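According to the numbering used here, the sequence shown is numbered sequentially starting from 17.
Just so you know, even glycine gets a beta-carbon here, dropped at the ideal spot from N, CA and C.
All of these numbers come straight from a predicted model, not from anything done at the bench.
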Amino acid sequence: MQLRRSVFTLTLATLAMGSTASAFAQAPYPDRPVKVIVALPAGGSADMIARVVTQKMAAELGQPFVVDNKAGASGQIGTPLVSRAAPDGYTLMVSPASFLTTNKSIFKTLPYDPEADFVPVTKFVNQPMVLVVKDKQKFPTVAAVLAA
């Protein structure tokens, strides 16, 4: 009798676990094209970086990543499109950090909330900036500029 009860309990537990596993099964991401908003003009550094990275993502993940440039107003055209998109991972944004940091200080109102509407996924590029002067200038070094 005890063995029969143990087998019944084990069978019931196995069936219960099998039925919940299918509830958690999901299609692998992405299962359709992904839109990548670049809130800057086509042909600029952000656009070129987005296109290089999304080509590699598409090759790796087997779905198109479509770059869509929505430039203007210091990011206030493209960025709100992303903030209003469904939170399903199928609308991404490549953006300079300033659209989510300094714009809040520069503009009285924004059509998005940089703190509540976005979550950073990754920093995927370092873009160094350099300070240059024309050859044989009065201030050829930063030290010379600071000393002036």
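**Message:** According to DSSP, is Val110 part of a helix, a strand, or is it coil?
**Reply:** Translated into positions along the sequence shown, residue 110 becomes position 94. If DSSP states are grouped into helix, strand and coil, Val110 belongs with the strands.
**Message:** Going by DSSP in three states, Phe134 sits in which element: helix, strand or coil?
**Reply:** Here residue 134 is taken as the residue at index 118 of the sequence shown, counted from 1. In the structure shown, Phe134 sits in coil (DSSP, three-state: anything other than H, G, I, E or B).
**Item:** Of the residues Thr70, Leu97 and Thr138, the one placed nearest Gly88, counting alpha carbons only
**Value:** As a first step, residue 88 is located in the sequence shown; it is residue number 72 there, counting from the start. Closest option to Gly88, Cα to Cα, is Leu97.
**Request:** Assuming Phe140 and Leu116 form a contact by the criterion Cβ under 8 Å, report the distance between their Cβ atoms to the nearest whole angstrom.
**Result:** Position 124 of the sequence shown, counted from the start, is the residue given in the question as residue 140. Position 100 of the sequence shown, counted from the start, is the residue given in the question as residue 116. With a Cβ gap of about 15 Å, Phe140 and Leu116 do not count as contacting.
**Request:** Would you check if there are 3 or more beta carbon pairs closer than 8 Å linking the segment 59-79 to the segment 123-131?
**Result:** Short answer: they don't touch.
**Request:** Measure the alpha-carbon distance for Val83 versus Ile93 and round it to whole angstroms.
**Result:** Mapped onto the sequence shown, residue 83 falls at position 67. Mapped onto the sequence shown, residue 93 falls at position 77. Straight through space, the alpha carbons of Ile93 and Val83 are spaced by roughly 15 Å.
**Prompt:** On the three-state DSSP scale, how would you describe Asn85?
**Reply:** Position 69 of the sequence shown, counted from the start, is the residue given in the question as residue 85. If DSSP states are grouped into helix, strand and coil, Asn85 belongs with the strands.
**Message:** Could you tell me the alpha carbon to alpha carbon distance between Asn85 and Ala58, rounded to whole angstroms?
**Reply:** Start at 1 with the first residue of the sequence shown, and residue 85 comes out as number 69. Start at 1 with the first residue of the sequence shown, and residue 58 comes out as number 42. Computed Cα separation, rounded: 6 Å.
**Prompt:** How many Å lie between Val137 and Asp151 at the Cα?
**Reply:** The count along the sequence shown starts at 1 and reaches residue 137 at position 121. The count along the sequence shown starts at 1 and reaches residue 151 at position 135. One C-alpha to the other measures close to 41 Å.
**N-terminal and C-terminal residue of the beta strand (DSSP E) that Ile53 is part of** = As a working mapping, residue 53 is identified with position 37 in the sequence shown. Ile53 -> beta strand (DSSP E) spans Val50 to Val54.
**Request:** Would you identify the three-state DSSP class for Ile93, choosing helix, strand or coil?
**Result:** Residue numbering aside, residue 93 sits at position 77 when the sequence shown is read from its first letter. Three-state result, Ile93: coil.
**Item:** Tyr106 versus Ala160: straight-line alpha-carbon distance, rounded
**Value:** Numbered from 1 along the sequence shown, position 90 holds the residue referred to as residue 106. Numbered from 1 along the sequence shown, position 144 holds the residue referred to as residue 160. C-alpha separation (whole angstroms): 50 Å.
**Item:** Test item: CB-CB of Ala55 and Thr118 under 7 Å
**Value:** Numbered from 1 along the sequence shown, position 39 holds the residue referred to as residue 55. Numbered from 1 along the sequence shown, position 102 holds the residue referred to as residue 118. Not in contact: Ala55 and Thr118 (Cβ atoms no closer than 7 Å).
**Message:** Quick check on Ser61: buried or exposed, where buried means 16 or more other Cβ atoms within 10 Å of its Cβ?
**Reply:** Position 45 of the sequence shown, counted from the start, is the residue given in the question as residue 61. Result: exposed.
**Request:** For Gly78, count neighbouring C-beta atoms within 10 Å of its own C-beta (all shown protein chains included) and say buried if the count is 16 or more, exposed if not.
**Result:** As a position in the sequence shown, residue 78 is number 62, starting the count at 1. Exposed is the label assigned to Gly78, since fewer than 16 other Cβ atoms lie within 10 Å of its Cβ.
**Asked** Between Phe140 and chain D, is there a C-beta pair that is closer than 7 Å?
**Response** Among the chains in the structure shown there is no chain D, since it carries only a single protein chain.
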